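Under mature numbering (1 follows the signal peptide of the UniProt record, and there is no 0), residues -36 to -1, 1 to 482 are what the sequence shown spells out, in order. Note sheet for the following structure.
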Amino acid sequence: MGFALKPPASASRATSASLLSSIAVAALAYAARAAAAHHQGAAVGQDVLLPPTIIIPPVPEPPQPADHTFTLRHIYHHGTDRHPRLHRRLDIEQPSSSRVFLAAEEGHGEHELPHLKARSRATKIQRLVDRRPSTVDPLVARARQQGLVAVLDASAWAIQDVPSPEITDKGTVLSLAYMSADAYVELGSSPDWLEVGDPFDPSADFGWQSDGLRGHIWADDDNSTVVIGLKGTSPAVFDGDGTTTNDKVNDNLFFSCCCAQQGQWTWHQVCDCATGTYSCNNTCVTEALREENRYYGAARELYSNVTERYPDSTIWVVGHSLGGAVSSLLGLTYGLPVVTFEAVPEALAATRLGLPIPPGSDAQAPQTRENTGAFHFGHTADPIYIGSCNGATASCSFAGYALETSCHTGRECVYDVVADKGWRVGIGTHKIRAVIADVILKYDQVPEYKHDELKHPPSTSSKRRTAYAHKHPYFDGFDGFDGFDGFDGADGASHDGSVEGQMSATQLDRAVQRVGRR
């Protein structure tokens, strides 16, 4: 048994007194030397001896709120499927006078965009101190090759005040939504595209614009802030319409549990990683994501080219649908402010990409991370955003998309159009033009942001499910959404209805928590 000797109280008092005396004598001696030095210095003009001081580095002031006016500067196109090394840039020669517009689509005419204004504010983001692609990209590549997550020492991370979009300002949110919508505009053939990647074989040049990821680059007047708008999914039931095939491959890799295997017969299978009826080789999926013809790799290379051109600028990333999900993954990789619209839930994809994470974070639950700088705008009638577009009769399944994920990283900003406007859930509400016209413009204020409510889903409660079904008549019992021919959105805006599939008890409980609490 171990023990220690304890000195008597008198000895302790003597020791304390001796220590105090020593301190006092030392202080007097220092004062005497200082006085002598002062006297001597006054006599011979020498420096005066001063007590030692600790130099504390100044704490940088957080960036102040600012107003920005953005113009379109460049359009980048990075090939993926057929031309994975293709990378081209189209410069807008006169940004201030060039005509920028949204193309006409069903229910919405062509819309010319004014110069887009936005406000910024400081937002805390936990990110790597060294975020250069030349540093981060090898970390991600090594982590994915080894099947491990890149967890770096705490000294490699910092929580910084970053100039970010003022997401409580409706005008700012609207401008960012317009940037996301503009990324869908198709451009005709132009001789002004510049090669920024590997030399491209002219004989293979036909049809390159229908293959790849497109990013529209906006900048403010002094280039202090640059916004990358990434194109989202171009939905179509049959392959071959624009970038639809590539979108489907990437969607089903990112947002399916196992590459669209083990599900509906209509799903477009994109790998062969299933090992059983309810099991999947995650390493196999990760390797499929690592191939160079995937959108995540293309987005990283696009970002690297933008930062080379604007090395001192703050970079924001925005996007809709698939473009929003890829934007979020890009933000997690490099610590960027991100705003998305109706983004497919991307937390599952984040676990498979080998992204660096700060110490103490759960690599298998990236949706629990704080201070990511990402904000996901969406509404409760969009089955893609809320994660319910995956049943046998769902529109997404019919089109071949296997969207089985339900959690976003960062924070959610949810317009509850189901409760506020009586909308029914339907795939027609997902399009960005409909979101702008019928949701963002119709609400006086933007919704408050909160963490994804699916981080810790409660156990299924039949009482809560019954209450939800009673409150929301578009829900048909416990088996799925009732079919409908269509419904009127805000101010008579028509949205095509669809049967959004059979909801499991887990999906239903998630819907309860998202909508029933409000």
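Cβ atoms here follow ideal geometry from the backbone N, Cα and C, with glycine treated the same way. Since the structure is predicted, the reported quantities are computational estimates derived from the model, not experimental observations.
Asked	Found
Beta-carbon separation (whole angstroms), residue 284 vs residue 145, contact threshold 8 angstroms	7 angstroms
Presumed contact (8 angstroms Cβ cut-off) between residue 299 and residue 91, rounded CB distance	2 angstroms
Cβ-based burial, residue 344 [other Cβ within 10 Å; buried from 16]	buried
contact_flag[the region 27 to 34, the region 123 to 134] where n(CB pairs < 8 angstroms) is 3 or more	yes
Candidates 67, 64, 36, of which the one nearest residue 53 by Cα	36
Three-way DSSP call (helix, strand, coil) for residue -28 in this model	Caution applies to residue -28, whose pLDDT of 43 falls short of 50 and renders its modelled position unreliable; the value that the coordinates give is listed next. Reduced to three states, the DSSP call for residue -28 is helix.
Beta-carbon separation (whole angstroms), residue 194 vs residue 263, contact threshold 8 angstroms	7 angstroms
Buried/exposed call for residue 337, threshold 16 Cβ in 10 Å	buried
Residues near residue 394 in its chain [Cβ-Cβ closer than 6 angstroms; skip 5 each side]	306, 346, 348
Beta carbon of residue 96 nearer than 7 angstroms to that of residue 130	no
Where residue 350 falls: helix, strand or coil (DSSP)	helix
Residue 50 versus residue 159: straight-line alpha-carbon distance, rounded	8 angstroms
Segment limits, alpha helix (DSSP H) that includes residue 381	381 to 385
Euclidean distance between Cα positions of residue 65 and residue 244	44 angstroms
Top-ranked residue by Cα proximity to residue 385, from 240, 397, 402, 375	402
Sub-7 angstroms separation of residue 304 and residue 340 beta-carbons	yes
C-beta contact flag for residue 80 and residue 119 at 7 angstroms	no
Residue 373 versus residue 292 - alpha carbon distance	8 angstroms
Cβ separation of residue 177 and residue 259, assumed to be a contact under 8 angstroms, to the nearest whole Å	5 angstroms
Cβ-Cβ distance between residue 141 and residue 400 below 7 angstroms	yes
Contact with chain D by residue 336, beta-carbon distance below 7 angstroms	Among the chains in the structure shown there is no chain D, since it carries only a single protein chain.
Rounded straight-line distance, which links the Cα of residue 87 to that of residue 19	28 angstroms
Closest by C-alpha distance to residue 157, when choosing among 55, 22, 328, 352	55
Buried or exposed by the 16-neighbour rule on C-beta atoms within 10 Å, applied to residue 99	exposed
Any non-hydrogen atom of the ligand SAH closer than 6 angstroms to residue 157 Cβ	Ligands in the displayed structure: none, and consequently the ligand SAH is not present.
Three-way DSSP call (helix, strand, coil) for residue 264 in this model	helix
Secondary structure of residue 39, DSSP reduced to three states	strand
Cβ neighbours of residue 427 in the same chain (closer than 7 angstroms, five flanking residues each side left out)	Below a pLDDT of 50, predicted positions are generally treated as unreliable, and residue 427, at 40, falls in that range; the measurement from the model is reported next regardless. Cβ neighbours of residue 427 beyond the five flanking positions: none.
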